[in-house]
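Chemist: Got a structure for you, questions after.
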Amino acid sequence: MKKIIVTILMLIMTLCFAAEKLSQGTYAVFVTSMGNITCALYPDKAPITVKNFIGLATGAQPWMDATGKKIDRPLYTNLIFHRVIPNFMIQGGDPSGTGRGGPGYRFQDEFDPSLKHDKAGRLSMANSGPNTNGSQFFITHIPTPWLDNKHTIFGQVVEGMDVVTAIGNVPRDQRDKPLKDVILKEIIIKTIIEGKDGRPSDKLELQQDKPVILE
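Count along the sequence shown starting at 1, add 3, and that's the number in the numbering used here.
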């Protein structure tokens, strides 16, 4: 009897996961050297942030390197997670790998009242103060309410939270940089419409709809 109950519960969990996995929306798959992390994105709640993120992930949003040269390739490919703190978060998205780099521009915060850092797996923008978003992001390990209205939430982990935890627990130096590089190989953007998934085809729209740049 117990085996039957366990089997039924496992089947229900599998079906629920499949339903969640196939629900309509836009997703970012972080392909890392330690496994994949899938995040649902919130274009309706943080439209500027999501457009910028997708553009940098796909190469549709131009950015500038440290020399000021315009770059049209995906920014996130083969970067490292430069800062990891157990029971807090993992941080990446810096093309310089130092924690001080970015895409060569800044844009405004987006704080939706329905989104709080009230659960693990929040995907948010890292910044150096109000309205200084660029390309750096972090994913939380735990609820972090002290970050509310300071960092824009634009996604949520739906698969691969174990990978987030594993990355957060790698050996690190005094600056919280992993002793051995954890590589973000690429970010794959997927859209799911009526049960079918595929990569976005609105590259022209992404190029035209650039984030608001703040001086």
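Even for Gly, the Cβ is constructed at its ideal location relative to N, Cα and C. Note that the structure is a prediction, hence the values are computed from the model and not measured.
Run through the DSSP bridge pairs and tell me what GLY158 is partnered with.
Modeler: Taking the sequence shown and counting its residues from 1, one reaches residue 158 at position 155. According to DSSP, which records beta bridges pairwise, GLY158 is partnered with LEU44 and LEU126.
Chemist: Please report the Cβ distance between VAL185 and ILE170, rounded to the nearest whole angstrom; I am assuming they are in contact, meaning their Cβ atoms lie under 8 Å.
Modeler: For this step, residue 185 is matched to residue 182 along the sequence shown. For this step, residue 170 is matched to residue 167 along the sequence shown. That belief holds up - the Cβ atoms of VAL185 and ILE170 are roughly 5 Å apart, short of 8 Å.
Chemist: Taking the beta carbon of SER99 as the centre, do at least 16 other beta carbons fall within 10 Å, making it buried, or is it exposed?
Modeler: In the sequence shown, the residue the question calls residue 99 occupies position 96. It counts as exposed.
Chemist: Out of ILE83, ALA129, ASP75 and ILE57, state which residue places its alpha-carbon closest to the alpha-carbon of VAL32.
Modeler: Counting from 1 along the sequence shown, the entry for residue 32 is found at position 29. Comparing Cα-Cα distances from VAL32 to each of ILE83, ALA129, ASP75 and ILE57, the minimum goes to ILE57.
Chemist: How many Å lie between THR194 and VAL53 at the Cα?
Modeler: The count along the sequence shown starts at 1 and reaches residue 194 at position 191. The count along the sequence shown starts at 1 and reaches residue 53 at position 50. About 13 Å.
Chemist: Buried or exposed, going by whether 16 or more other CB atoms sit within 10 Å of the CB of GLN177?
Modeler: For this step, residue 177 is matched to residue 174 along the sequence shown. Exposed is the call here.
Chemist: Ignoring anything shorter than 3 residues, give me the beta strand (DSSP E) runs that lie fully in the region 28–116, in order along the chain.
Modeler: You should have 28–35, 38–44, 86–88 and 92–95.
Chemist: Should LEU182 go down as buried or exposed, given a rule of 16 or more other Cβ atoms within 10 Å for buried?
Modeler: For the purposes of this step, residue 182 is taken as the residue at position 179 of the sequence shown. It counts as exposed.
Chemist: What residue range does the alpha helix (DSSP H) around ILE145 cover?
Modeler: As a first step, residue 145 is located in the sequence shown; it is residue number 142 there, counting from the start. Where ILE145 is concerned, there is no enclosing alpha helix (DSSP H), given that its DSSP letter is neither H nor E.
Chemist: By DSSP's criteria, ILE190 is part of a beta bridge. Which residues make up the other side?
Modeler: As a position in the sequence shown, residue 190 is number 187, starting the count at 1. Its beta-bridge partners are PHE33.
Chemist: Under 8 Å: do the region 120–135 and the region 59–78 share three or more Cβ pairs, one atom per stretch?
Modeler: The region 120–135, when compared against the region 59–78, does not touch it at the 8 Å Cβ threshold.
Chemist: As a quick exercise: from VAL167, LEU150 and ASP97, pick the residue whose alpha carbon is nearest that of ASP121.
Modeler: Within the sequence shown, the letter at position 118 stands for residue 121. Measuring from the Cα of ASP121, the nearest candidate turns out to be LEU150.
Chemist: So, at 7 Å on beta carbons, what are the nonlocal neighbours of ASP112 in its own chain, with the 5 sequence-adjacent residues on each side left out?
Modeler: Taking the sequence shown and counting its residues from 1, one reaches residue 112 at position 109. For ASP112, where only same-chain residues beyond five positions count, the Cβ hits under 7 Å are PRO133, ASN134, ASN136 and THR155.
Chemist: Measure the alpha-carbon distance for ILE51 versus VAL173 and round it to whole angstroms.
Modeler: Along the sequence shown, one-based indexing puts residue 51 at 48. Along the sequence shown, one-based indexing puts residue 173 at 170. So the two alpha carbons sit approximately 33 Å from each other.
Chemist: Can you name, in chain order, every residue of its own chain whose Cβ lies under 6 Å from the Cβ of LYS188, other than the five neighbours on each side?
Modeler: In the sequence shown, residue 188 corresponds to position 185, counting from 1. VAL34, listed in sequence order.
Chemist: Quickly, what does DSSP pair PRO181 with across the bridge? List them, please.
Modeler: By 1-based counting over the sequence shown, the position of residue 181 is 178. According to DSSP, which records beta bridges pairwise, PRO181 is partnered with ARG175.
Chemist: Taking DSSP's pairing of strands, which residues face ASN152 in a bridge?
Modeler: The residue you call residue 152 lines up with position 149 of the sequence shown. The partner list for ASN152 (beta bridge, DSSP) is empty, contrary to what the question assumes.
Chemist: Roughly how many whole angstroms lie between the Cα atoms of ASN152 and PHE114?
Modeler: Translated into positions along the sequence shown, residue 152 becomes position 149. Translated into positions along the sequence shown, residue 114 becomes position 111. Their backbone Cα atoms lie some 6 Å apart in a straight line.
Chemist: Is it right to say ARG76 is buried, meaning 16 or more other beta carbons lie within 10 angstroms of its own, or is it exposed?
Modeler: Within the sequence shown, the letter at position 73 stands for residue 76. It counts as exposed.
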